[in-house]
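In the working numbering, the protein residues as written are 85 to 545. Think of the CB as a built atom: it goes at the ideal place given N, C-alpha and C, for glycine as much as any other residue. Working notes, beginning with the structure itself.
The following block contains the structure:
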């Protein structure tokens, strides 16, 4: 990577001359990484190797490979003894690579969302001292009680998985660990039926069923989705009963399932529109509180959602084909009851159309992570109740004081921000900004300790 003669003619290895601590190779089409790039050799064994080039990545602290096509990882990653942040979201990784990840003992921040991990929570991860793990939008169904023993774990994102215990998706990490800690003891007989409910995978074929009559946690599903750390895409599937599906079949055309709690689930149906006649009939017969449209081919916000405007509190349109600024080109959409909106994993470049055409005075949470947004408008001018904003993994070049003023939780990690105005530090304090994540950006000035003078515990950098 460097010609040592041009550096100064020293006899040392490249890694001894250049202190590379951050490596970003996101948003490419990388399918594999050769073992020679990350050799499975302890860097200390190469110190006296005069003929070799040293371990050029031995000093890495942050490695970002998200949004590629990786199907495997080089075993040599376990030799990165200083690596604290690893982003592998949006790849094609399976459980086979978890053994390598579990050997990177220095990890503190791990992102594995939108991959192909299946069945159980990866056991090897329970032995790491990580502070944050994102496993959202995989095919994980069971969370082992051993998670409760992960003392350093402060944030675990598991939304978008077909969990057998649906209530887990809406719990905060702290509460989740409390629940799992209780299961470290022998389970009570009365608890067994609810814990052994079989879960339906997100890609199962056949008619889309509803939740069983005794579905757990559905009554309080909406009320429990209020914690900042666990706001994300809802599960894309749920246990279903053929008998219940037949009982519901006559209530709506095209077999639109209405789940307990007023949930209209049209996810993974290859849909590109919502028929207004059917929406009208559904709205007449049901109080729709949540609409799940993730993993479809929508190119714009469906105007027929207006039929649910008085009752709809949560809308998910993640993983669709919303592009540029054309995703909201119609008339004004009135969703007065809406509290949560998820538009993550699309190709949106601006939030101006959303702010100008969506009327949602009660909107509290917006997730637009994994898009292509460059700037943020002042969203609270349009959504006065907005307190939670997730805009990670975009192309933000700056984060203005005015754009996040009044917020309580902002995730702007993994963007192109090179500067934070010190005034942002003044947003902390009682009733102000409680969490700001700007990890994985391109900061030059001001130094992080300047911001820390205003609010030491506010920032995650």
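If you ignore the 5 residues before and after residue 489, its C-beta comes within less than 6 Å of no other C-beta in its own chain. Counting along the chain, the unbroken alpha helix (DSSP H) around residue 363 starts and ends at 360 to 369.
In the displayed model, residue 107 falls within a strand according to three-state DSSP.
Each residue's CA atom was taken as its position, placing residue 455 and residue 129 some 42 Å apart. For residue 407, the three-state secondary structure derived from DSSP is strand. Cα atoms of residue 484 and residue 435: separation of roughly 15 Å, rounded to the nearest angstrom.
A distance below 8 Å separates the beta carbons of residue 362 and residue 340.
If you ignore the 5 residues before and after residue 196, its C-beta comes within less than 6 Å of the C-beta of 172, 219, all in its own chain and listed in chain order. Excluding five sequence positions before and after residue 205, the CB atoms of its chain that fall closer than 7 Å to its own CB belong to 224, 226, 227, 228, 231, given in chain order. Residue burial annotation: residue 378 is buried, with at least 16 other C-beta atoms found within 10 angstroms of its C-beta.
Shown here for residue 264: same chain residues with a beta carbon closer than 7 Å to its own, the five before and five after excluded, namely 227, 229, 231, 232 in chain order. When C-alpha distances from residue 519 are compared across 507, 492, 501, 525, the shortest belongs to 492. Per DSSP, the unbroken beta strand (DSSP E) holding residue 202 starts and ends at 202 to 204.
Here residue 190 really is in contact with residue 167; their C-beta atoms are around 6 Å apart, less than 8 Å.
Around the beta carbon of residue 112, fewer than 16 other beta carbons sit within 10 angstroms, so the residue counts as exposed. The C-alpha of residue 442 lies about 15 Å from the C-alpha of residue 400. Between residue 193 and residue 214, the C-beta gap is smaller than 8 Å, which places the two residues in contact. Residue 107 and residue 429 have their alpha carbons spaced roughly 23 Å apart.
In the DSSP assignment, residue 475 forms no beta bridge with any residue. At a Cβ-Cβ threshold of 8 Å, residue 177 and residue 147 do not count as neighbours. The criterion of a C-beta distance shorter than 8 Å is satisfied by residue 526 and residue 501. Under the 10 Å beta carbon count, residue 496 is surrounded by 16 or more other beta carbons and is classified as buried. A contact is defined here as three or more CB-CB pairs under 8 Å, and the stretch 384 to 403 meets this definition with respect to the stretch 347 to 361. The beta-bridge partner set that DSSP reports for residue 151 is empty.
With respect to the 8 Å criterion, residue 450 and residue 425 are classified as neighbours on the basis of their beta carbons. 158 is the residue among 150, 152, 158 whose C-alpha sits nearest the C-alpha of residue 121.
Shown here, residue 115 sits in coil according to DSSP, grouped into three states, outside any helix or strand.
Taking C-alpha positions only, residue 365 is separated from residue 471 by approximately 34 Å. For residue 388, same chain residues with a beta-carbon under 6 Å away, outside a window of 5 residues either side, are 358, 360, 363 in chain order. Distance between residue 421 and residue 405, taken at the CA atoms: about 25 Å. Apart from sequence neighbours up to five positions away, the residues of its chain that approach residue 433 with a beta-carbon distance below 7 Å are 408, 409, 456, 457, 458, ordered along the chain.
Beyond the five residues adjoining it in sequence on each side, residue 413 comes within less than 8 Å, by CB distance, of 384, 437 in the same chain, given in chain order. When beta bridges are read from the DSSP output, residue 417 appears opposite 442. In the three-state DSSP reduction, residue 458 falls in the coil class, being neither helix nor strand. In the structure shown, residue 347 adopts extended strand secondary structure according to DSSP, grouped into three states. In its chain, beyond the 5 residues on either side, 154, 155, 156 have a beta carbon closer than 8 Å to the beta carbon of residue 116.
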